[in-house]
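Everything on this sheet refers to the single structure shown next.
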Amino acid sequence: MYHQVGLVRCLSSSRITGHSLSPLARNVSRTCSRSTTSSSSIQRLSRFWIPTVGAERSRDAKDESHELLIRAGYVRQAHAGIFHMLPLGNRVQQKLEALIDKHMESIGAAKVSLSTISSEELWKKTGRFVGHGGELFGFHDRKDAKFLLSPTHEEEITSLVASTVQSYKDLPLRLYQIGRKFRDEARPRQGLLRGREFTMKDLYTFDITEQQARQTYEEVRQAYRALLDELKLPYLVAEADSGNIGGTLSHEYHFVSAKGEDNVISCGSCGYTINDELAITSVDQPDQIPIEHKKDLSRWIGVTKDRNSLVIAWFPTTTQQHSGNDSIRNEVNPNVIKALVPDVDLSVENPLETWDKANPRREETGSRPSSAQIIEINDERLPFSASTFTFLQQKLQPRELLLPSGKFNSIQFQLRPRKNGKSMQLTRTLTGDPCQKCGDGKVTVDRAIEVGHTFHLSTRYSVPLSATFVDSNDVRQTIEMGCHGIGVSRLVGAIASMLSDAKGLNWPAVIAPFSAVVVPANGNEDAAEDVAKKLLSNGIDTVLDDRKKPMGWKLNDADLVGYPLIVVLGRAWKTEGKVEVQCRRLGIKEEIQCGGDVSSALEQRLQNLLMQL
Ligand SMILES: [Zn+2]
C-alpha cells in the first residue's frame, strides 16, 4: 500500500516544475524510484482482485456512472448508501489521498487521525446536537453514555486544541485528516455522491487574529485550486452559504455535471460565481411578461414559523429563454421570500393546511382569529393593471380562502419585492439573466457537484468550547478558526460521472488506478511483460493484463475500467514490431514502431499523452 502511494507521489510531483518536496515527500520519492526499477513489482491483473460477476443492476437507471463503478469492479454496495471499496476503487482513492497530502503539506498542515466516535455532550456545547431522528448516527455504550458517529470534526478538534494550546507561541496551527464520516441521509442516492458513510479530507486552521485567519483562508483557497488543477477538469469556485457550520466567509468548489444537485451561477464577463442558494436577481426596471391564460400564472404558498401568516407569492409560470424560442419553467426563489418574510418556515410541506388548521374559521361568519393574516407578494414582471391578470389571479386564489359570502379572505399585506431601489425577481436565476456583480454580463446556470468547501469560522466553535490562548501582553484571547473539506469518495463518484461514456469509465492520469494497461495477444505474453516492466521503470504506472481471456474481452474490459492508456501487443507486434496505443479520452488509436524492443519513442509518446490527461 505504501508503495502505491509513494509511486503516485513520485509521478505527480515530477510533473510540477520547481515544486519543492518536503523531507517526508523526498524520502517517499526515493522509495518510489527504487521500487519502480525492481522487476518484481510489476502488477498483474491475474493477481489483482477485480470481481465482475455478482454485480446487481441498480434500480436507479439514472446512475450510469455508479453502475459502471460496480460493473468494472471498483465498488460494491454493502447497505443502502454504504459501500465497500474494492482494490481498483481503493487504488483511485489512495492516489487522490496522496495528491491531497501533497497540497496539504504545501501549506504546512500536519496530518492527524481523529476518532470517528464523538459524544453527544460535546455536540450539545456547540448547539449542534438536535436530537435523534435527524442525520446523526447515535448510539450509547453499556453505561448508557451517549455517543455519535462523527459527520464532521469541528467539535472534537476544537476541544483537542483547546486542551493543548496555551500561548500565542503555539499558533498558528493547521491540522488535517482523511477519514470516514457518517450521515444518516434520509434518501441516500447516486452511489458515492450521497452515501451514508463516506471519506472526507477535513482541514482545521487555528490563528491568533482575524486578519491572520483570513490570510490562512486565502492560502487554503490557493492550495485547493492547485489541487483541482492537477485533475485537469473544469471546476467552479462559488461564493456559498455557510449553512449549519456557521461562520462568515465560505466558498464551494464544484464540478459541472448534469448529475449535480447544486446550481451554480457564473458570469462570463466578470467571472463572478455564486451558489444559487444565495443568489437573487434584481433589475432596475423589470420587463413585463404577458399573462393571458391560467397556465401563465403560478403561485407559491408558505407559512410563517408562528403559523399566523400565510404567504402567497405570484410569479410568471415560464420565462422565455433569451436565446431561442424555448421557455423555462420558473421556480420560486426561497432567498427572495426569506429576504421579504424572514420568519417564513420553508420546511412545511402543506403550508396552506397548516395555516388553515392553526387559524380555523368561525362557522357562521367565516372569519378567522384576528392574529391570522395573509401576505401577498407579486413578482413585478406581472401586468397588474391588466384586467385579464386580475381576473386570473382571482380564479387561482386558494379555495380555503373563500368565505361563505362568495368573497375571499382579504389580503392584509402586499409586499413589494424591492431592495435598494431594485426589483427582485421572485423566481430563481436563469441562464441569460443579468449578472448582479458587473451588471453588463449575462450569467450561466450550471448543475454542479460540490466536491470541496472552505469556511472562515471565526470563533463559532472556539467560544463555546473555550479554545483560547494567552497573547504577548498576557491577555487571554479566543482562537480564530477555519475549516476546509474535500469529499474524497464523492470526488471519485463525481469524476466517474463526468468522464464516463458508453464504453466505460475514464480517469485523470493523476488518480487513474493505473496509467497504462499492456494487453498481449496470444503468444505475445513474454514480450508484453518486458514492455510493462520497461514502462514501469520509466515511471509509467503500468499493469499487465495476463488473464487467460480472449483479446476482445480484455480490450472491452480495459475500456470499462478506464485506464488512460491501452498498449496492445497484437498481430502487428509479431510481424512488424509495432504496438498499438489507444487513448479513448483523446480519441487516439495509433501504431508505434518499436523495432522488436520498447523504443524510447513509445515511452515518450505515452508520457506526452499522460501530460494531457
Ligand atoms: Zn459579471
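If you're matching positions, the sequence shown starts at 522 in the numbering used here and goes up one per residue. Backbone N, C-alpha and C define an ideal beta-carbon position, used for all residues, glycine too.
| query | result |
| --- | --- |
| Residue span of the beta strand (DSSP E) that contains ILE724, given as start and end | The amino acid at residue 724 is misidentified as Ile; the sequence shows Leu. Note, LEU724: beta strand (DSSP E), 718 to 728. |
| PHE912: first and last residue of the uninterrupted alpha helix (DSSP H) it sits in | 908 to 916 |
| Extent of the continuous beta strand (DSSP E) to which HIS600 belongs | 596 to 600 |
| 8 Å Cβ cutoff met for LEU951 and ILE795 | no |
| TYR697 in three-state terms, based on DSSP | strand |
| Straight-line gap, SER1120 to ALA1049 (C-alpha atoms, nearest Å) | 13 Å |
| Top-ranked residue by Cα proximity to GLY1044, from TRP1028, ARG1092 and ASP967 | ARG1092 |
| Pair within 8 Å by beta-carbon distance, SER639 and GLU585 | no |
| Exposure of THR999, with buried meaning 16 or more beta-carbon neighbours within 10 Å | exposed |
| Opposing strand residues paired with LYS702 [DSSP bridges] | PHE719 |
| Rounded separation between VAL853 and PRO837 - CA only | 10 Å |
| Cβ-heavy atom distance, SER498 to ligand 1, below 7 Å | This structure cannot speak to residue 498, because the chain is shown only from 522 to 1134. |
| Environment of GLN732 [buried if 16+ CB atoms lie within 10 Å] | exposed |
| Simplified DSSP state of ASP992, which is helix, strand or coil | coil |
| Classification of MET1132 by the beta-carbon crowding that lies within 10 angstroms, buried from 16 upward | exposed |
| DSSP three-state assignment for ARG1011, whether helix, strand or coil | helix |
| Residue from TRP835, LYS816 and LYS1110 whose Cα sits closest to the Cα of GLY823 | TRP835 |
| Buried versus exposed call for PHE990 [16 or more other C-beta atoms within 10 Å across all chains shown] | buried |
| Pick from ASP1067, LEU924, SER892 and ARG939 that is closest to LYS859, judged by C-alpha positions | ARG939 |
| Beta-carbon proximity check, LEU497 vs GLU760, cutoff 8 Å | Here the chain has residues from 522 to 1134 only, and residue 497 is not among them. |
| Reduced DSSP category for GLN733 - H, G, I as helix; E, B as strand; rest coil | helix |
| Whether ASP1066 touches ARG1105 by CB criterion (8 Å) | no |
| Collapsed DSSP secondary structure at LEU947 in the structure displayed | coil |
| Supposed contact pair THR679 and TYR982 - C-beta distance, whole angstroms, cut 8 Å | 4 Å |
| Contact set for VAL633: own chain, Cβ-Cβ below 6 Å, skip 5 residues either direction | LEU696 and GLN698 |
| Exposure label - SER868; buried when at least 16 CB within 10 Å | exposed |
| The stretch 944 to 960 in contact with the stretch 810 to 817 per 3-pair CB rule at 8 Å | no |
| Where TRP1094 falls, given that 16 or more other Cβ within 10 Å makes a residue buried | buried |
| Three-state secondary structure (DSSP) of LEU861 | helix |
| Closer than 7 Å: GLY962 CB and nearest ligand 1 heavy atom | yes |
| CA-to-CA distance, MET721 to GLU1046, given in whole angstroms | 41 Å |
| Collapsed DSSP secondary structure at SER877 in the structure displayed | It is Asp, not Ser, that sits at residue 877 in the sequence shown. ASP877 falls in the helix class under three-state DSSP. |
| DSSP-derived helix/strand/coil call for GLY1060 | coil |
| Length of the line joining the Cα atoms of ALA1037 and SER567 | 16 Å |
| Any non-hydrogen atom of ligand 1 closer than 7 Å to CYS959 Cβ | yes |
| Pairwise C-alpha distance: LYS1054 and SER560 | Residue placement at SER560 is poorly supported in this model, since its pLDDT is 47, which falls under 50; the coordinates are not used for a value here. |
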